[in-house]
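S.K.:
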Amino acid sequence: MTQPIIEPSFRESVDLMVDRAITAMDLDQSVAAAIKSCNAVLQVSFPVKIRGKIEVFTGWRAVHSTHRLPSKGGIRYAPYADQDEVEALAALMTYKCAIVDVPFGGSKGALLIDPALYDRDELELITRRFAHELIRKGFLSPSTNVPAPDVGTGQREMAWIADTYKHLHPDDINYVACVTGKPIHHGGILGRVEATGRGIQYGIREFFRHPEDVKSANMSGSLDGKTCIIQGLGNVGYHAAKFLSEEDGVIITAVIERDGALVCDEGINIEDLYQHITEHHTIKNFPSAHFAEDGMAVLEKPCDILIPAALESQITLENAANINAKLIVEAANGPITYGADEILNKKGVIIIPDAYANAGGVTVSYFEWIRNISHIRFGRMQRRHDEVRGHQMAAMMEEATGNKLSESIRNNITRGADELDLVRSGLDDTMRVAYQQIRNTLENEKNVHDLRTASYVTSITKIARSYLDIGIY
Ligand code: NAD
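Heads up: the sequence shown runs through residues 0 to 472, numbered per numbering that gives the first Met the number 0.
Shown next, in the form of structure tokens:
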């Protein structure tokens, strides 16, 4: 009889990866212990009357670190949520924020629920009750703990949470900053919905700006024409696949969803597929691709880039050896287990790790939070001023050269940046600088041999410095 393969839990996997980095950097064990430990976890159970009957819901909010405030991290609604997962995700948020220099601590929340079983009004009631519990117990406020969307939640839930906080704290002038990922007309910021997918694109672009890194993944040249498989066409997967295929010439050869996979070597049109899913709630019967029942088998299909963008623990001891991708970009949190990570490293598969790859969401959440506490939209003060300067510049150039500028060049010079331009520019800069810091660590630390360990060493170095600067008390 074959023995079942036992793997560490998600939280243990994160801890083991962090331990590998701590060993490589030779950090004082007491500082390491302080960084690794989870500061607080709240579990709440609360009753809600649904269709005439009382149902009791259970949720968690873990605060992994408070060396920077507020602590930040999404809230997910999932029927498989548990405390172990929430703690792992909160820890990842600490490391993620440090990697991209977002001055927040790490937190995460979850509600044990299958949102598909409830209608809109019921979900509003449940969300408001959950928010009420978190607020009353000091686990949600603009200055201490700020949630965002994650699996199963979106702008709608964030708006309900912000409104609940406003009713409980009408005297808090910054109430709208108690949550990020809100709708635009409720204090959200342009570019937040697609930020994580956009960050994936910017991270991959930066990787391809370094020919040695591309070579280490057994590839050459640019992103154009590279083949890519995406697992999960939700918020993150859809935007990453859309931007990479429409703007960088990447060919999406397969999309894996919960009900199977679609395969087409010539490339799947992501926008068409997204419309199909929105209409039919399944990937089945999509006309221009072959449907495969066994989605997990498609994960092993050869490709240049594999982007798991669904759930944790998708590449495990069971399938890691069969993975045929040259580069894996972890859009989801924790899609590769610790054991699988070791196998893939030995195989020479390059992994751009979650704590860096999917940091676009928290980066733009940081911009949204700043916008909320400063009570002004980015670009409002300088946009027209920049346009006037642009017109003056264009006139000077025409006078100096005696030639008229073409309309498109003139438009480029004279156009002032709006909020979306600034958000994209800030996100692009963040992803580029963070990648360069990580690869510097990989180049200069003799015990560091992969991008994941390099990411953790980069991040832990910054967190340790912050702990040592302020002292631990
Ligand atoms: P989502 O709920 O919008 O999308 C998840 C997608 O995965 C859905 O389309 C779902 O049908 C699909 N899926 C579920 N189970 C699957 C399975 N077994 N096989 C294949 N597909 C499956 O969630 P999201 O916000 O896109 O988050 C996806 C991942 O990205 C999560 O790990 C999340 O923690 C991480 N993440 C999200 C954000 C964000 O801003 N939303 C930020 C950072 C990280």
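Ideal Cβ placement from N, Cα and C applies to all residues, glycine included.
Just checking my contact of G338 with L310 at CB under 8 Å: how many whole Å lie between their CB atoms?
M.R.: As a working mapping, residue 338 is identified with position 339 in the sequence shown. As a working mapping, residue 310 is identified with position 311 in the sequence shown. That belief does not hold up - the Cβ atoms of G338 and L310 are roughly 17 Å apart, past 8 Å.
S.K.: Assuming V254 and K225 form a contact by the criterion Cβ under 8 Å, report the distance between their Cβ atoms to the nearest whole angstrom.
M.R.: Here the question's residue 254 lines up with position 255 in the sequence shown. Here the question's residue 225 lines up with position 226 in the sequence shown. No, V254 and K225 are not in contact; Cβ-Cβ is about 16 Å, not under 8 Å.
S.K.: Under a Cβ-count criterion, where at least 16 other Cβ atoms within 10 Å of its own Cβ denotes burial, should T277 be classed as buried or exposed?
M.R.: Here residue 277 refers to the residue found at position 278 of the sequence shown. Result: exposed.
S.K.: When you measure from the CB of L232 to every non-hydrogen atom of the ligand NAD, does any distance come out below 6 Å?
M.R.: In the sequence shown, residue 232 corresponds to position 233, counting from 1. Flag set: Cβ of L232 near the ligand NAD.
S.K.: Rounded C-beta distance between A23 and N446? I'm assuming under 8 Å.
M.R.: For this step, residue 23 is matched to residue 24 along the sequence shown. For this step, residue 446 is matched to residue 447 along the sequence shown. With 8 Å as the limit, A23 and N446 qualify as a contact, their Cβ atoms being about 4 Å apart.
S.K.: Rounded to the nearest angstrom, what separates Q82 and T126 at their Cα positions?
M.R.: Counted from its first residue, the sequence shown places residue 82 at position 83. Counted from its first residue, the sequence shown places residue 126 at position 127. Roughly 18 Å separates the two Cα atoms.
S.K.: Judging by CA-CA distance, which residue of K300, F207 and A308 is the nearest neighbour of H238?
M.R.: Locating residue 238 in the sequence shown gives position 239, counting from the first residue. Distances from the CA of H238 to each of K300, F207 and A308 were compared; the closest alpha carbon is that of A308.
S.K.: Using the Cβ count rule (16 or more neighbours within 10 Å means buried), how would you classify T252?
M.R.: One-based indexing of the sequence shown puts residue 252 at position 253. Counting Cβ neighbours within 10 Å, T252 comes out buried, since at least 16 surround it.
S.K.: Going by DSSP in three states, S44 sits in which element: helix, strand or coil?
M.R.: For this step, residue 44 is matched to residue 45 along the sequence shown. Reduced to three states, the DSSP call for S44 is strand.
S.K.: Closer than 6 Å to a non-hydrogen atom of the ligand NAD - does that hold for the CB of I255?
M.R.: By 1-based counting over the sequence shown, the position of residue 255 is 256. Yes - the ligand NAD has a heavy atom lying nearer than 6 Å to the Cβ of I255.
S.K.: Any heavy atom of the ligand NAD closer than 6 Å to the Cβ of T362?
M.R.: As a position in the sequence shown, residue 362 is number 363, starting the count at 1. No, Cβ of T362 sits at least 6 Å from all heavy atoms of the ligand NAD.
S.K.: Where A130 and N410 are concerned, what is the direct C-alpha to C-alpha distance, given to the nearest angstrom?
M.R.: For the purposes of this step, residue 130 is taken as the residue at position 131 of the sequence shown. For the purposes of this step, residue 410 is taken as the residue at position 411 of the sequence shown. Going from the Cα of A130 to the Cα of N410 covers about 46 Å.
S.K.: Taking all protein chains shown into account, do 16 or more other C-beta atoms lie within 10 angstroms of the C-beta of Y201, making it buried, or fewer, making it exposed?
M.R.: For the purposes of this step, residue 201 is taken as the residue at position 202 of the sequence shown. Buried, since its Cβ has 16 or more Cβ neighbours within 10 Å.
S.K.: Pick helix, strand or coil for F285, following the three-state DSSP scheme.
M.R.: If you number the sequence shown from 1, residue 285 lands on position 286. Reduced to three states, the DSSP call for F285 is coil.
S.K.: Buried or exposed, going by whether 16 or more other CB atoms sit within 10 Å of the CB of L441?
M.R.: Position 442 of the sequence shown holds residue 441. Result: buried.
S.K.: State yes or no: is the C-beta of D303 within less than 7 Å of the C-beta of K283?
M.R.: In the sequence shown, residue 303 corresponds to position 304, counting from 1. In the sequence shown, residue 283 corresponds to position 284, counting from 1. Not closer than 7 Å, so no.
S.K.: Can you check the segment 151-230 for any beta strand (DSSP E) of at least 3 residues that lies completely inside it and give the ranges in chain order?
M.R.: 226-230
S.K.: What is the DSSP secondary structure of S29, reduced to helix, strand or coil?
M.R.: Locating residue 29 in the sequence shown gives position 30, where the first residue counts as 1. Helix, per DSSP.
S.K.: Between L91, K165, I199 and E418, which has its C-alpha nearest I306's C-alpha?
M.R.: Locating residue 306 in the sequence shown gives position 307, where the first residue counts as 1. Checked all of L91, K165, I199 and E418; the closest Cα to I306 is I199.
S.K.: Given 6 Å as the limit, tell me if N357 has its C-beta closer than that to any heavy atom belonging to the ligand NAD.
M.R.: For the purposes of this step, residue 357 is taken as the residue at position 358 of the sequence shown. Result yes, Cβ under 6 Å from the ligand NAD.
S.K.: Between D118 and the rest of its own chain, which residues show a CB-CB distance below 7 Å, the 5 nearest in sequence each way excluded?
M.R.: Position 119 of the sequence shown holds residue 118. Nothing meets the Cβ criterion.
S.K.: Determine the DSSP secondary structure at Y76, reduced to helix, strand or coil.
M.R.: Counting from one through the sequence shown, the residue named residue 76 turns up at place 77. Correct three-state label for Y76: strand.
S.K.: Starting from the Cα of P141, find the closest Cα among P286, D258, D385 and W368 and give me that residue.
M.R.: Numbered from its first residue, the sequence shown carries residue 141 at position 142. Ranking P286, D258, D385 and W368 by Cα distance to P141 puts W368 first.
S.K.: Pick helix, strand or coil for A291, following the three-state DSSP scheme.
M.R.: Mapped onto the sequence shown, residue 291 falls at position 292. Note: A291 maps to strand in three-state DSSP.
S.K.: Using CA coordinates, which residue listed in V43, V150 and D149 is at the minimum distance from R128?
M.R.: Walking along the sequence shown from the start, residue 128 turns up at place 129. Comparing Cα-Cα distances from R128 to each of V43, V150 and D149, the minimum goes to V43.
S.K.: By a C-beta neighbour count over all protein chains shown, 10 Å radius and 16 as the cutoff for buried, is H275 buried or exposed?
M.R.: Walking along the sequence shown from the start, residue 275 turns up at place 276. Buried, since its Cβ has 16 or more Cβ neighbours within 10 Å.
S.K.: Residues bridged to G259 by DSSP?
M.R.: On the sequence shown, residue 259 is found 260 positions in, with the first residue counted as 1. Per DSSP, E256.
S.K.: For the beta strand (DSSP E) holding T400, just list the boundary residues, first then last.
M.R.: In the sequence shown, residue 400 corresponds to position 401, counting from 1. Taken as a continuous stretch (DSSP letters only), T400 belongs to no beta strand (DSSP E), being part of the alpha helix (DSSP H) at R382 to T400.
S.K.: With respect to 6 Å, is the separation between the Cβ of A39 and the closest non-hydrogen atom of the ligand NAD below this value?
M.R.: In the sequence shown, residue 39 corresponds to position 40, counting from 1. No, the ligand NAD has no heavy atom inside 6 Å of this Cβ.
S.K.: For W59, write down the residues that DSSP places opposite it in a beta bridge.
M.R.: Start at 1 with the first residue of the sequence shown, and residue 59 comes out as number 60. In the DSSP output, where bridge partners are listed per residue, W59 has Q42 and A109.
S.K.: According to DSSP, is E54 helix, strand or coil?
M.R.: Residue mapping note: residue 54 aligns to position 55 of the sequence shown, counting from 1. Note: E54 maps to strand in three-state DSSP.
S.K.: If we require 4 or more residues per run, which alpha helix (DSSP H) segments fall completely within the segment 324-383?
M.R.: 337-346, 353-356 and 359-373
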